[in-house]
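Trainee: Structure provided below as structure tokens; questions to follow.
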Amino acid sequence: MKFSSLKYAVDGRIARITLNRPRRLNAIGRKMPGEIRRAVAQANADDAVHVIVLAGAGRAF
């Protein structure tokens with residue numbers, strides 16, 4: 001699944017969701033809440049994922 005304001009990656013049992021709007025200090029825009037929901041749903045649907053880490057790109061969460 002592609003996201004415009006997030007990065008999503010799985011490494012072993014860890015899914016990482018990174019807010020990817022560093023120029024805007026990762027402020028939540030119109031698309032981001034839906035993308036976060038879809039990324040979390042994707043991680044929840046993956047039986048290999050046990051942990052979801054939420055982070056921000058750049059200098060701000």
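One point on numbering: in the working numbering, the residue at position 23 of the sequence shown is 23, and numbering is uninterrupted.
Backbone N, C-alpha and C define an ideal beta-carbon position, used for all residues, glycine too.
1) List the endpoints of the continuous beta strand (DSSP E) containing A62.
2) Using only alpha-carbon positions, find the residue among L25, P33 and A43 that is nearest to I14.
3) At which residues does the beta strand (DSSP E) containing V40 begin and terminate?
4) Could you name the residues of the same chain whose beta carbon sits closer than 6 Å to that of A27, not counting the 5 residues immediately before and after it, in chain order?
5) Counting only the same chain and skipping the five closest in sequence on each side, list residues whose C-beta sits under 8 Å from that of V53.
Mentor: For this structure:
1) Residue 62 lies beyond the range of the chain shown here (1 to 61); nothing can be said about it.
2) A43
3) Taken as a continuous stretch (DSSP letters only), V40 belongs to no beta strand (DSSP E), being part of the alpha helix (DSSP H) at M32 to A45.
4) none
5) Counting only Cβ-Cβ distances below 8 Å, and skipping sequence neighbours, we find I14, A15, R16 and I17.
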